[in-house]
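K.L.:
Supplied in structure tokens, the structure appears directly below.
2 protein chains.
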Amino acid sequence: MTADSDSENYIEPTSRAPVKVFDCKNCDLGSLVEEIASYEDRVQKIIDYVLSGPFKGKTHDELAKFVDTFGARPSGTFDLEKSIDYMIDLTRKEGLNDIVTEELEVPRWERGIETLTMFEPRKKKMDILGLGESVKTPLNGLTAEVVVISNFTHLEDTPDEEIKGKIVLYVPIFTTYVETVIYRKEGAAKASAKGAVASLVRSIAPFSINSPHTGSQNYSDGVEPIPAAAITLEDADMITRLYNRGEKVKVNLIMYSTLETAVSRNTLIDLKGYKDPEKLVIVSGHIDSWDVGQGAMDDGGGMFISWAVPVILRRLKLTPRRTIRTIFWTAEELGFYGAHSYKKSHKSESHNINYIMESDEGTFAPLGLVANGNRKTRCIVAEVLKLFQSINASTLVEDDSPGSDISIFTSNGIPGASLHNDNAKYFWFHHTEGDTMNVETPENLDLCTAFWTAVAYIIADLSVDIPR
Amino acid sequence: MTADSDSENYIEPTSRAPVKVFDCKNCDLGSLVEEIASYEDRVQKIIDYVLSGPFKGKTHDELAKFVDTFGARPSGTFDLEKSIDYMIDLTRKEGLNDIVTEELEVPRWERGIETLTMFEPRKKKMDILGLGESVKTPLNGLTAEVVVISNFTHLEDTPDEEIKGKIVLYVPIFTTYVETVIYRKEGAAKASAKGAVASLVRSIAPFSINSPHTGSQNYSDGVEPIPAAAITLEDADMITRLYNRGEKVKVNLIMYSTLETAVSRNTLIDLKGYKDPEKLVIVSGHIDSWDVGQGAMDDGGGMFISWAVPVILRRLKLTPRRTIRTIFWTAEELGFYGAHSYKKSHKSESHNINYIMESDEGTFAPLGLVANGNRKTRCIVAEVLKLFQSINASTLVEDDSPGSDISIFTSNGIPGASLHNDNAKYFWFHHTEGDTMNVETPENLDLCTAFWTAVAYIIADLSVDIPR
Numbered sequence: 001m002t003a004d005s006d007s008e009n010y011i012e013p014t015s016r017a018p019v020k021v022f023d024c025k026n027c028d029l030g031s032l033v034e035e036i037a038s039y040e041d042r043v044q045k046i047i048d049y050v051l052s053g054p055f056k057g058k059t060h061d062e063l064a065k066f067v068d069t070f071g072a073r074p075s076g077t078f079d080l081e082k083s084i085d086y087m088i089d090l091t092r093k094e095g096l097n098d099i100v101t102e103e104l105e106v107p108r109w110e111r112g113i114e115t116l117t118m119f120e121p122r123k124k125k126m127d128i129l130g131l132g133e134s135v136k137t138p139l140n141g142l143t144a145e146v147v148v149i150s151n152f153t154h155l156e157d158t159p160d161e162e163i164k165g166k167i168v169l170y171v172p173i174f175t176t177y178v179e180t181v182i183y184r185k186e187g188a189a190k191a192s193a194k195g196a197v198a199s200l201v202r203s204i205a206p207f208s209i210n211s212p213h214t215g216s217q218n219y220s221d222g223v224e225p226i227p228a229a230a231i232t233l234e235d236a237d238m239i240t241r242l243y244n245r246g247e248k249v250k251v252n253l254i255m256y257s258t259l260e261t262a263v264s265r266n267t268l269i270d271l272k273g274y275k276d277p278e279k280l281v282i283v284s285g286h287i288d289s290w291d292v293g294q295g296a297m298d299d300g301g302g303m304f305i306s307w308a309v310p311v312i313l314r315r316l317k318l319t320p321r322r323t324i325r326t327i328f329w330t331a332e333e334l335g336f337y338g339a340h341s342y343k344k345s346h347k348s349e350s351h352n353i354n355y356i357m358e359s360d361e362g363t364f365a366p367l368g369l370v371a372n373g374n375r376k377t378r379c380i381v382a383e384v385l386k387l388f389q390s391i392n393a394s395t396l397v398e399d400d401s402p403g404s405d406i407s408i409f410t411s412n413g414i415p416g417a418s419l420h421n422d423n424a425k426y427f428w429f430h431h432t433e434g435d436t437m438n439v440e441t442p443e444n445l446d447l448c449t450a451f452w453t454a455v456a457y458i459i460a461d462l463s464v465d466i467p468r
Numbered sequence: 001m002t003a004d005s006d007s008e009n010y011i012e013p014t015s016r017a018p019v020k021v022f023d024c025k026n027c028d029l030g031s032l033v034e035e036i037a038s039y040e041d042r043v044q045k046i047i048d049y050v051l052s053g054p055f056k057g058k059t060h061d062e063l064a065k066f067v068d069t070f071g072a073r074p075s076g077t078f079d080l081e082k083s084i085d086y087m088i089d090l091t092r093k094e095g096l097n098d099i100v101t102e103e104l105e106v107p108r109w110e111r112g113i114e115t116l117t118m119f120e121p122r123k124k125k126m127d128i129l130g131l132g133e134s135v136k137t138p139l140n141g142l143t144a145e146v147v148v149i150s151n152f153t154h155l156e157d158t159p160d161e162e163i164k165g166k167i168v169l170y171v172p173i174f175t176t177y178v179e180t181v182i183y184r185k186e187g188a189a190k191a192s193a194k195g196a197v198a199s200l201v202r203s204i205a206p207f208s209i210n211s212p213h214t215g216s217q218n219y220s221d222g223v224e225p226i227p228a229a230a231i232t233l234e235d236a237d238m239i240t241r242l243y244n245r246g247e248k249v250k251v252n253l254i255m256y257s258t259l260e261t262a263v264s265r266n267t268l269i270d271l272k273g274y275k276d277p278e279k280l281v282i283v284s285g286h287i288d289s290w291d292v293g294q295g296a297m298d299d300g301g302g303m304f305i306s307w308a309v310p311v312i313l314r315r316l317k318l319t320p321r322r323t324i325r326t327i328f329w330t331a332e333e334l335g336f337y338g339a340h341s342y343k344k345s346h347k348s349e350s351h352n353i354n355y356i357m358e359s360d361e362g363t364f365a366p367l368g369l370v371a372n373g374n375r376k377t378r379c380i381v382a383e384v385l386k387l388f389q390s391i392n393a394s395t396l397v398e399d400d401s402p403g404s405d406i407s408i409f410t411s412n413g414i415p416g417a418s419l420h421n422d423n424a425k426y427f428w429f430h431h432t433e434g435d436t437m438n439v440e441t442p443e444n445l446d447l448c449t450a451f452w453t454a455v456a457y458i459i460a461d462l463s464v465d466i467p468r
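Okay, structure coming up:
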């Protein structure tokens with residue numbers, strides 16, 4: 001999951017409290033209540049098949065094999081394209097052949113050597129991660145004094161001459177992701193406007209074992225782009241203490257990177273509806289990842305539970321009325337490139353998107369959905385979620401534009417939902433070397449897979465469309 | 001805290017469950033009960049002075065200043081010696097001048113470049129930490145296949161020809177520290193005996209954000225010393241999965257290091273007893289640290305709460321009957337060098353050690369003491385701990401040789417105790433780059449300081465000696 005301005009409305013238990021839980025007390029769905037209840041047997045069949053049947057542990061095993069084989073899959077790399085081919089093969093082996101890929105141009109930002117060394121008041125090497133699309137430093141790096149900035153008001157209130165020629169270090173203390181990620185995204189542009197030569201940010205995370213967190217950032221037009229990197233909570237806090245004691249903190253920052261463009265692909269897998277095949281229920285996750293870690297959590301898990309939906313339905317011979325389309329978005333991390341491309345090229349059929357779902361905030365224990373839509377829409381979805389009380393996944397959280405990739409659809413009124421899950425530790429691992437299979441468990445992935453598959457099936461099979 | 005065989009008996013909530021809590025129901029201490037109860041006012045005075053008086057936050061502030069100034073303080077380095085001088089100055093400023101240092105020879109093992117790169121079945125750079133006193137590799141490193149070993153029985157059962165020329169990777173899953181640290185300590189020696197060219201170990205930790213944990217290890221006589229390093233839980237588990245799928249895993253390991261000897265010092269600070277000054281109650285922690293992180297938790301916190309004991313008692317004019325001696329042990333991490341040296345050079349007065357205390361397992365919220373001694377001894381200590389119910393630090397856990405440095409005294413029957421504290425996350429940070437001030441809080445350090453000071457004072461002031 002990235003944090004583009006487009007997606008700042010997604011729900012994260014660790015970032016936005018309290019979440020607004022939908023109250024379905026006065027929903028009046030008439031005969032639809034009975035119709036939805038009639039799916040109970042099929043829901044149980046799917047749950048049994050995944051939790052204790054032939055699919056038990058498969059999501060975890062396939063995800064592990066996938067990330068072990070390819071590792072990180074940054075936008076624009078050969079590894080990402082190979083991983084897309086692999087997923088297509090894996091899908092075909094399941095007898096699903098209605099697969100297309102759609103090409104688009106994506107950025108290829110390649111991280112080179114990155115070092116940050118404090119040499120005053122003492123020498124200390126620090127672990128850093130450059131931010132996405134950051135420019136590089138001169139070969140010998142930038143050597144400058146650090147000025148510690150608490151927030152943008154503090155920056156504004158600081159005279160330009162105190163910033164000029166220095167390296168700005170933003171030290172926002174994590175409260176919510178939405179509140180603090182602005183320093184990662186906009187920090188370099190704002191620091192440069194005040195004359196800084198580079199911009200550092202305390203990693204956007206509530207917990208750390210000296211683990212820096214990368215992420216995207218945006219330069220502003222008319223402002224000199226300056227090198228931008230994240231440092232660990234520990235180093236940021238140490239520098240802050242030194243600075244507050246009146247010590248002069250001097251560092252050398254070396255960053256190397258290249259930025260090019262390349263071609264990548266969205267992948268679309270259709271399980272055709274038996275009645276209204278032109279109508280779509282989309283389930284999705286992104287296949288690209290940051291270049292650190294393995295992208296197991298962000299977003300291998302979300303991609304694999306979306307992959308499992310048509311696979312399981314086909315195996316169980318549960319063909320819904322509408323088409324289920326699994327999409328593996330590409331190049332999400334640098335700004336929803338795949339989703340934007342899909343939206344543009346499928347504009348003429350956007351009215352056919354009946355419901356759009358995405359899992360990109362972890363595949364911990366599922367709790368329900370984060371959904372948009374009018375009251376009727378939410379009533380229907382809440383009624384569907386009642387079928388998941390046995391696995392404790394019946395909560396509907398309200399959000400006007402849920403999701404990351406799909407937020408560019410849901411924010412325009414297309415009804416949809418992202419997976420609501422027990423992801424309180426999501427930002428411990430997000431965009432770090434720690435985003436690996438060790439974050440995932442077979443049990444949680446099975447629960448997510450069963451839940452995701454059954455929800456998508458019911459919505460795709462209901463006698464009525466989801467209202468916009 | 002290190003993990004020498006000498007110290008394997010210390011208590012850690014995360015490593016040894018359930019701990020044995022002492023039951024003081026049938027203690028018969030006679031008039032001593034009343035005597036101990038009479039300390040209540042003085043205990044409260046100390047607690048107030050630290051929790052809400054002039055010492056509030058001071059332990060944290062001084063510890064932060066100390067670790068920010070010196071960073072890591074590995075055995076044999078100039079930084080360690082400068083940090084010892086600093087502590088002596090800091091102590092003199094408090095009007096405590098009864099300070100001596102005692103020299104000893106210590107190892108100086110210096111870590112150089114360390115890289116581990118998997119290149120089959122795919123390329124991946126891995127974060128590693130060489131283990132203490134490991135030999136280096138050839139300049140271009142060792143390139144070999146990895147053989148994954150679950151435990152020493154598995155190693156024994158594997159034919160030598162399957163180990164010869166390969167790199168052994170031990171993958172013990174953390175249960176308790178004591179149970180799993182043997183693979184870090186003895187793994188290289190045992191692997192070498194079977195013909196391995198290097199030894200890797202899954203870090204001895206229950207949790208990771210791609211964080212490797214270093215630590216000491218021992219070669220065996222008559223066995224070729226081979227390079228030894230720890231890798232992260234994440235990488236160990238990935239290699240294990242690849243290996244179990246039948247993939248050939250090949251890596252290149254480069255390690256450089258030097259091993260010399262140097263001179264360091266134990267530091268002894270005495271607050272002389274008014275009645276029996278030759279009798280000692282020792283409070284202690286070690287001043288050296290590993291070369292990664294800042295040694296804030298291991299063992300800056302323990303050292304500072306021990307430093308605070310004579311400082312606070314002097315400020316409050318609470319002079320006990322016996323002498324309180326604060327000791328900053330040196331070179332603990334590579335094998336209790338400071339403690340062994342002290343034991344040897346103070347052999348003739350060892351009968352004068354009335355009680356010996358050490359904090360080297362974290363300074364999280366204090367819970368009580370981990371203590372050895374006969375029943376009478378434990379009854380007395382348990383009675384003292386009753387005075388700390390208001391801060392929830394009244395638990396006495398039984399252990400025959402508590403402590404790390406002090407275990408070489410307590411295991412020989414000298415009565416003593418280590419700080420029992422809420423350290424369930426201790427091994428998340430232990431011997432990593434994450435051992436920083438971010439693990440510590442002012443509140444917990446204040447609680448530890450107050451508790452440590454008051455306990456030491458009472459024991460040093462009682463009318464009776466602690467029985468051996």
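Those sequence lines, one after another, are chains V and G. At position 65 of the first sequence (counting the first as 1) the number is 65 in UniProt numbering, and the numbers step up by one without a gap. At position 211 of the second sequence (counting the first as 1) the number is 211 in UniProt numbering, and the numbers step up by one without a gap. Here a beta-carbon is modelled for each residue, glycine too, at the ideal position from N, C-alpha and C.
Leaving aside the five residues before and after R184(G) along the sequence, list all residues of the same chain whose C-beta is less than 7 angstroms from its C-beta, in chain order.
P.N.:
Here the question's residue 184(G) lines up with position 184 in the second sequence. Same-chain partners within the cutoff: L131, V201, I204, G215, Q217 and A230.
K.L.:
What separation, rounded to the nearest whole angstrom, lies between the Cα atoms of D299(V) and N210(G)?
P.N.:
Taking the first residue of the first sequence as 1, we reach residue 299(V) at position 299. Taking the first residue of the second sequence as 1, we reach residue 210(G) at position 210. Those two C-alpha atoms are separated by around 18 angstroms.
K.L.:
Using three-state DSSP, classify A72(G) as helix, strand or coil.
P.N.:
Taking the second sequence and counting its residues from 1, one reaches residue 72(G) at position 72. Residue state, collapsed to three classes: coil.
K.L.:
Any C-beta of chain V sitting closer than 7 angstroms to the C-beta of K124(G)?
P.N.:
Numbered from 1 along the second sequence, position 124 holds the residue referred to as residue 124(G). Yes, its Cβ sits closer than 7 angstroms to a Cβ of chain V.
K.L.:
Within 10 Å of its beta-carbon, does N438(G) have 16 or more other beta-carbons around it, so buried, or fewer, so exposed?
P.N.:
One-based indexing of the second sequence puts residue 438(G) at position 438. N438(G) comes out buried.
K.L.:
Can you look up R468(V) in the DSSP assignment and give me helix, strand or coil?
P.N.:
Within the first sequence, the letter at position 468 stands for residue 468(V). DSSP places R468(V) in coil when its eight states are reduced to three.
K.L.:
Please say whether S264(G) and A331(G) have beta carbons closer to each other than 7 angstroms?
P.N.:
Numbered from 1 along the second sequence, position 331 holds the residue referred to as residue 331(G). Numbered from 1 along the second sequence, position 264 holds the residue referred to as residue 264(G). Cβ atoms of A331(G) and S264(G): closer than 7 angstroms.
K.L.:
Report yes or no: do the stretch 242 to 257 of chain V and the stretch 91 to 108 of chain V share at least 3 C-beta pairs separated by less than 8 angstroms?
P.N.:
no
K.L.:
Just the Cα atoms here: how many angstroms apart are V397(V) and D23(V)?
P.N.:
The count along the first sequence starts at 1 and reaches residue 397(V) at position 397. The count along the first sequence starts at 1 and reaches residue 23(V) at position 23. Distance from the CA atom of V397(V) to the CA atom of D23(V), rounded to whole angstroms, is 9 angstroms.
K.L.:
With DSSP run on the structure shown, which of helix, strand or coil describes L271(G)?
P.N.:
Taking the second sequence and counting its residues from 1, the one referred to as residue 271(G) is at position 271. DSSP places L271(G) in the strand class (E or B) of the three-state scheme.
K.L.:
Counting only runs of 3+ residues fully inside the stretch 203 to 284 of chain G, write out the beta strand (DSSP E) ranges in chain order.
P.N.:
228 to 231 and 250 to 271
K.L.:
For T323(G) and P277(G), which I take to be in contact (beta-carbon distance under 8 angstroms), what is that distance rounded to the nearest angstrom?
P.N.:
By 1-based counting over the second sequence, the position of residue 323(G) is 323. By 1-based counting over the second sequence, the position of residue 277(G) is 277. About 5 angstroms; that satisfies the 8 angstroms criterion.
K.L.:
If I follow the unbroken alpha helix (DSSP H) through F364(G), where does it start and stop?
P.N.:
Translated into the one-based positions of the second sequence, residue 364(G) becomes position 364. It is not in any alpha helix (DSSP H) - F364(G) carries neither H nor E in the DSSP assignment.
K.L.:
For I305(G), count neighbouring Cβ atoms within 10 angstroms of its own Cβ and tell me buried if that reaches 16, exposed if not.
P.N.:
Here residue 305(G) is taken as the residue at index 305 of the second sequence, counted from 1. It counts as buried.
K.L.:
Cβ of L447(V) within 7 angstroms of Cβ of A365(V)?
P.N.:
Along the first sequence, read from residue 1 onward, the residue named residue 447(V) stands at position 447. Along the first sequence, read from residue 1 onward, the residue named residue 365(V) stands at position 365. Yes, Cβ-Cβ distance for L447(V) and A365(V) is below 7 angstroms.
K.L.:
Would you identify the three-state DSSP class for S199(V), choosing helix, strand or coil?
P.N.:
On the first sequence, position 199 is the one that residue 199(V) refers to. If DSSP states are grouped into helix, strand and coil, S199(V) belongs with the strands.
K.L.:
Report yes if the CB atom of R325(G) is closer than 7 angstroms to the CB atom of L233(G), and no otherwise.
P.N.:
For the purposes of this step, residue 325(G) is taken as residue 325 along the second sequence, with counting starting at 1. For the purposes of this step, residue 233(G) is taken as residue 233 along the second sequence, with counting starting at 1. Not a contact, by the Cβ cut-off of 7 angstroms.
K.L.:
Would D435(V) pass as a contact of S404(V) if the rule is Cβ separation under 7 angstroms?
P.N.:
Within the first sequence, the letter at position 435 stands for residue 435(V). Within the first sequence, the letter at position 404 stands for residue 404(V). No.
K.L.:
I think I356(V) touches I408(V), with their Cβ atoms under 8 angstroms apart; what is that distance to the nearest whole Å?
P.N.:
Here residue 356(V) refers to the residue found at position 356 of the first sequence. Here residue 408(V) refers to the residue found at position 408 of the first sequence. The C-beta distance from I356(V) to I408(V) rounds to 10 angstroms, too long to meet the 8 angstroms contact threshold.
K.L.:
For T2(V), which residues of its own chain have a beta-carbon under 8 angstroms away from its beta-carbon, when the five flanking residues on both sides are left out?
P.N.:
Along the first sequence, read from residue 1 onward, the residue named residue 2(V) stands at position 2. Only weak support is given to the placement of T2(V): the predicted model assigns it a pLDDT of 49, under 50, and the value that follows is read from those uncertain coordinates. Closer than 8 angstroms at Cβ, skipping near neighbours: G215, S216, E332, E333, L334, G335, F336 and S404.
K.L.:
Is S38(G) helix, strand or coil by DSSP?
P.N.:
Numbered from 1 along the second sequence, position 38 holds the residue referred to as residue 38(G). Coil at S38(G), not helix or strand.
K.L.:
Pairs of beta-carbons, one from the stretch 279 to 295 of chain V and one from the stretch 165 to 184 of chain V, closer than 8 angstroms: are there three or more?
P.N.:
Not touching, per the Cβ criterion.
K.L.:
For the candidate residues P212(G), L104(G), F388(G) and S401(G), whose alpha-carbon lies nearest to that of V48(G)?
P.N.:
As a working mapping, residue 48(G) is identified with position 48 in the second sequence. The sequence as given places Asp at residue 48(G); Val does not occur at that position. Looking from the CA of D48(G), the closest CA among P212(G), L104(G), F388(G) and S401(G) belongs to F388(G).
K.L.:
Do the stretch 443 to 458 of chain G and the stretch 50 to 63 of chain G touch if we need at least three Cβ pairs shorter than 8 angstroms?
P.N.:
yes
K.L.:
How big is the Cα-Cα spacing for Y457(G) and D399(V)?
P.N.:
Along the second sequence, read from residue 1 onward, the residue named residue 457(G) stands at position 457. Along the first sequence, read from residue 1 onward, the residue named residue 399(V) stands at position 399. Taking the straight line joining both Cα atoms gives about 59 angstroms.
K.L.:
How far does the beta strand (DSSP E) with P442(V) in it reach, from first residue to last?
P.N.:
If you number the first sequence from 1, residue 442(V) lands on position 442. Where P442(V) is concerned, there is no enclosing beta strand (DSSP E), although the alpha helix (DSSP H) it sits in stretches over P442 to D461.
K.L.:
Determine the extent of the alpha helix (DSSP H) in which L155(V) is found, giving its start and end residues.
P.N.:
For the purposes of this step, residue 155(V) is taken as residue 155 along the first sequence, with counting starting at 1. Run containing L155(V): F152 to D157, per the alpha helix (DSSP H) assignment.
K.L.:
Taking Cβ-Cβ distances below 8 angstroms as the criterion, which residues of the stretch 423 to 437 of chain G are in contact with chain V?
P.N.:
W428, F429, T432, E433, G434, T436 and M437
K.L.:
By the 8 angstroms beta-carbon criterion, what residues does the stretch 68 to 80 of chain G contribute toward chain A?
P.N.:
In the structure shown, chain A cannot be found, because the protein chains are V and G.
K.L.:
Please determine, among G302(V), F78(V), V251(V) and A382(V), the residue with the shortest C-alpha to C-alpha distance to P107(V).
P.N.:
Position 107 of the first sequence, counted from the start, is the residue given in the question as residue 107(V). The option with the nearest alpha carbon to P107(V) is F78(V).
K.L.:
Roughly how many whole angstroms lie between the Cα atoms of E321(V) and P225(V)?
P.N.:
Residue 321(V) sits at position 321 when you count from the first residue of the first sequence. Residue 225(V) sits at position 225 when you count from the first residue of the first sequence. First, the residue type needs correcting, since residue 321(V) is Arg and not Glu in the sequence shown. Cα-Cα distance, rounded: 51 angstroms.
K.L.:
Taking DSSP as the reference, what is the three-state secondary structure of residue 517(G)?
P.N.:
Outside the displayed range of chain G (1 to 468) lies residue 517(G), so it cannot be described from this structure.
K.L.:
Between A64(V) and chain G, is there a C-beta pair that is closer than 7 angstroms?
P.N.:
Stepping through the first sequence from its first residue, residue 64(V) is reached at position 64. For A64(V), the nearest CB of chain G lies under 7 angstroms from its own CB, placing it at the interface with that chain.
K.L.:
Should the stretch 373 to 388 of chain V be regarded as contacting the stretch 343 to 350 of chain V, the criterion being three or more beta carbon pairs within less than 8 angstroms?
P.N.:
no
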